[in-house]
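> Residue numbers (the working numbering): 67 to 134.
Ideal placement from N, C-alpha and C gives every residue a C-beta, glycine not left out.
Predicted model only: the values in this text are computed from it and were never measured.
1. Which same chain residues end up closer than 6 Å to residue 121 when comparing Cβ atoms and leaving out the 5 residues on each side of it in sequence?
2. I'd like to know if residue 121 contacts chain D, where contact means its C-beta is closer than 8 Å to some C-beta of that chain.
3. What does the alpha-carbon distance come out to for the pair residue 76 and residue 118?
4. I need the DSSP call for residue 110, collapsed to helix, strand or coil.
5. Between the alpha carbons of residue 132 and residue 92, how many angstroms are there, rounded?
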């Protein structure tokens, strides 16, 4: 079961994905699909502190147009 902080982290990660990817639809697709750089679906990772950090780092690399 998700706790309240995990839900906030998940929402923050999604908001960041929208900011980086440009649309809600693109962010939803990215969060739900397995990302090869992450080895899992971002939405599954954001429920832990380490996973959230990985997702945010991946989004930052995408934003900077760096190899992910």
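According to the structure data:
1. Residue numbering aside, residue 121 sits at position 55 when the chain shown is read from its first letter. Non-local C-beta neighbours of residue 121 in its own chain, meaning closer than 6 Å and more than five positions away in sequence, comprise 79, 108, 111 and 112, ordered along the chain.
2. Looking for chain D here will not work: only one protein chain is present.
3. Looking up residue 76 in the chain shown gives position 10. Looking up residue 118 in the chain shown gives position 52. Residue 76 and residue 118: Cα-Cα distance of roughly 8 Å.
4. Sequence index remark: in the chain shown, residue 110 carries index 44 (1-based). In the three-state scheme derived from DSSP, where H, G and I count as helix and E and B as strand, residue 110 is classed as helix.
5. As a first step, residue 132 must be located in the chain shown, where it is residue number 66. As a first step, residue 92 must be located in the chain shown, where it is residue number 26. Each residue's alpha carbon lies about 19 Å from the other.
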